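**Student:** Handing you a structure now.
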Amino acid sequence: MATWGLIVEMTVGTGERKHMEASVLAHVEGSREEALAELGEWIGRYTPEHPRSAKRSRIFRTADGFLLVVDGAWQTFSSRFTVAELVKDSAAPQPQPSPVPSPVPPPEEAAPPPAAPPEDAAPAPSGPTVDRYADGVPVKPAWLGRTDLR
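With the working numbering, letter number 81 in the sequence shown gets 210, and the count goes up by one each step, no holes.
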(Lines of atoms letter the chains of each structure in order from A and count residues from 1; the text may use other names and numbers.)
(Lines give C-alpha, C1' and ligand atoms only; values in the text may rest on other atoms or scores of the structure.)
Protein backbone atom coordinates (compact mmCIF):
# COMPACT_ATOMS: atom_id res chain seq x y z
CA MET A 1 0.00 0.00 0.00
CA ALA A 2 1.39 3.42 -0.96
CA THR A 3 1.95 6.37 1.35
CA TRP A 4 0.82 9.70 -0.07
CA GLY A 5 1.90 13.13 1.11
CA LEU A 6 -0.61 15.97 1.18
CA ILE A 7 1.54 18.97 0.30
CA VAL A 8 0.76 22.68 0.25
CA GLU A 9 2.94 25.21 -1.53
CA MET A 10 1.94 28.70 -0.44
CA THR A 11 2.94 32.27 -1.15
CA VAL A 12 4.56 33.92 1.86
CA GLY A 13 6.00 37.38 2.34
CA THR A 14 5.14 40.50 0.42
CA GLY A 15 6.69 42.74 -2.18
CA GLU A 16 10.19 41.74 -3.25
CA ARG A 17 10.36 39.17 -0.43
CA LYS A 18 7.35 37.25 -1.73
CA HIS A 19 8.23 33.58 -2.36
CA MET A 20 6.80 30.05 -2.24
CA GLU A 21 7.25 27.64 0.67
CA ALA A 22 6.16 24.01 0.80
CA SER A 23 5.04 21.95 3.78
CA VAL A 24 3.51 18.53 4.29
CA LEU A 25 0.00 18.70 5.73
CA ALA A 26 -0.41 14.97 6.38
CA HIS A 27 0.32 11.46 5.14
CA VAL A 28 -2.35 9.10 3.83
CA GLU A 29 -2.01 5.32 3.50
CA GLY A 30 -4.06 3.94 0.63
CA SER A 31 -4.89 4.72 -2.95
CA ARG A 32 -4.28 7.96 -4.81
CA GLU A 33 -8.05 8.55 -4.96
CA GLU A 34 -8.30 8.26 -1.17
CA ALA A 35 -5.45 10.75 -0.81
CA LEU A 36 -7.16 13.19 -3.21
CA ALA A 37 -10.40 12.89 -1.22
CA GLU A 38 -8.51 13.67 2.01
CA LEU A 39 -6.81 16.62 0.29
CA GLY A 40 -10.24 17.93 -0.73
CA GLU A 41 -11.23 17.97 2.96
CA TRP A 42 -8.02 19.84 3.85
CA ILE A 43 -8.63 22.59 1.31
CA GLY A 44 -12.10 23.16 2.75
CA ARG A 45 -10.58 23.90 6.17
CA TYR A 46 -7.51 25.81 4.97
CA THR A 47 -7.16 29.53 5.67
CA PRO A 48 -4.14 31.15 4.04
CA GLU A 49 -2.03 33.61 6.01
CA HIS A 50 -2.06 36.11 3.14
CA PRO A 51 -3.86 38.20 2.17
CA ARG A 52 -5.22 39.42 5.48
CA SER A 53 -8.39 40.76 3.86
CA ALA A 54 -9.39 38.66 0.87
CA LYS A 55 -11.61 40.16 -1.83
CA ARG A 56 -12.03 37.02 -3.90
CA SER A 57 -11.13 33.36 -3.45
CA ARG A 58 -11.13 30.67 -6.18
CA ILE A 59 -10.36 26.94 -5.99
CA PHE A 60 -9.29 25.10 -9.15
CA ARG A 61 -8.93 21.32 -9.55
CA THR A 62 -5.69 20.20 -11.22
CA ALA A 63 -4.42 16.76 -12.23
CA ASP A 64 -2.54 16.36 -8.91
CA GLY A 65 -4.74 18.34 -6.53
CA PHE A 66 -6.05 21.90 -6.21
CA LEU A 67 -4.97 25.50 -6.73
CA LEU A 68 -6.32 28.19 -4.41
CA VAL A 69 -6.04 31.74 -5.76
CA VAL A 70 -6.92 34.56 -3.35
CA ASP A 71 -7.13 38.18 -4.52
CA GLY A 72 -6.26 40.69 -1.85
CA ALA A 73 -6.55 44.45 -1.77
CA TRP A 74 -3.13 44.93 -3.40
CA GLN A 75 -1.77 41.54 -4.45
CA THR A 76 -2.86 38.04 -5.43
CA PHE A 77 -1.66 35.04 -3.41
CA SER A 78 -1.83 31.38 -4.31
CA SER A 79 -1.63 28.02 -2.56
CA ARG A 80 -1.09 24.81 -4.52
CA PHE A 81 -2.33 21.60 -2.89
CA THR A 82 -0.73 18.46 -4.29
CA VAL A 83 -0.89 14.71 -3.72
CA ALA A 84 2.50 13.05 -4.13
CA GLU A 85 3.61 9.48 -3.47
CA LEU A 86 6.24 9.18 -0.74
CA VAL A 87 9.25 7.42 -2.26
CA LYS A 88 11.87 7.93 0.46
CA ASP A 89 11.89 9.46 3.94
CA SER A 90 15.24 9.91 5.67
CA ALA A 91 13.56 10.47 9.04
CA ALA A 92 11.08 7.59 8.84
CA PRO A 93 10.95 5.41 11.96
CA GLN A 94 12.85 2.16 11.57
CA PRO A 95 10.66 -0.95 11.60
CA GLN A 96 10.86 -2.72 14.93
CA PRO A 97 11.87 -6.39 14.83
CA SER A 98 9.28 -8.80 16.12
CA PRO A 99 9.97 -9.66 19.73
CA VAL A 100 11.17 -13.21 20.30
CA PRO A 101 9.24 -14.78 23.17
CA SER A 102 11.52 -15.80 26.00
CA PRO A 103 11.04 -19.28 27.43
CA VAL A 104 9.14 -19.40 30.70
CA PRO A 105 11.22 -21.06 33.44
CA PRO A 106 9.67 -24.07 35.17
CA PRO A 107 8.21 -23.35 38.62
CA GLU A 108 11.17 -24.91 40.48
CA GLU A 109 13.58 -22.56 38.69
CA ALA A 110 11.52 -19.44 39.41
CA ALA A 111 12.98 -16.91 41.84
CA PRO A 112 11.86 -17.31 45.44
CA PRO A 113 9.41 -14.72 46.79
CA PRO A 114 11.01 -11.76 48.57
CA ALA A 115 11.68 -12.28 52.25
CA ALA A 116 9.36 -10.58 54.73
CA PRO A 117 10.95 -7.86 56.89
CA PRO A 118 11.88 -9.00 60.40
CA GLU A 119 9.31 -8.32 63.07
CA ASP A 120 11.72 -6.19 65.13
CA ALA A 121 12.51 -3.88 62.19
CA ALA A 122 11.73 -0.21 62.64
CA PRO A 123 8.71 1.07 60.70
CA ALA A 124 9.35 3.27 57.69
CA PRO A 125 9.69 6.92 58.65
CA SER A 126 6.55 8.87 58.06
CA GLY A 127 6.75 12.63 57.88
CA PRO A 128 3.95 15.04 58.48
CA THR A 129 1.04 14.59 56.13
CA VAL A 130 0.67 17.30 53.54
CA ASP A 131 -2.73 18.57 52.47
CA ARG A 132 -3.04 18.18 48.70
CA TYR A 133 -5.52 19.18 46.03
CA ALA A 134 -7.24 16.46 44.00
CA ASP A 135 -4.50 16.63 41.34
CA GLY A 136 -1.77 15.97 43.94
CA VAL A 137 -0.38 19.52 44.21
CA PRO A 138 0.30 20.59 47.82
CA VAL A 139 -2.05 23.25 49.18
CA LYS A 140 0.85 25.02 50.93
CA PRO A 141 4.13 25.26 48.96
CA ALA A 142 7.11 23.66 50.71
CA TRP A 143 9.16 26.86 50.41
CA LEU A 144 6.56 29.06 52.11
CA GLY A 145 7.77 30.16 55.55
CA ARG A 146 11.41 29.08 55.07
CA THR A 147 13.75 31.60 56.68
CA ASP A 148 16.79 30.60 54.63
CA LEU A 149 15.19 31.98 51.44
CA ARG A 150 15.41 35.74 51.33
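We treat Cβ as the ideally placed atom computed from N, Cα and C, and that holds for glycine. These numbers come from a predicted model, not from an experiment.
Given A155, which residues of its chain have a CB within under 6 Å of its CB, disregarding the five upstream and five downstream residues?
**Tutor:** So the list reads L135, once near-sequence residues are dropped.
**Student:** W133: buried (16+ other C-beta within 10 angstroms of its C-beta) or exposed?
**Tutor:** buried
**Student:** Cutting at 6 Å between CB atoms, please list the residues of its own chain near G194, excluding the five before and the five after it.
**Tutor:** L168, F210, T211 and V212
**Student:** By the three-class DSSP mapping on this structure, what secondary structure does E178 have?
**Tutor:** coil
**Student:** Going along the chain, which residues of its own chain have a beta-carbon closer than 6 Å to the beta-carbon of K184, five neighbours each way excluded?
**Tutor:** D200
**Student:** Shortest alpha-carbon distance to G142 belongs to which of P180, A131 and A263?
**Tutor:** P180
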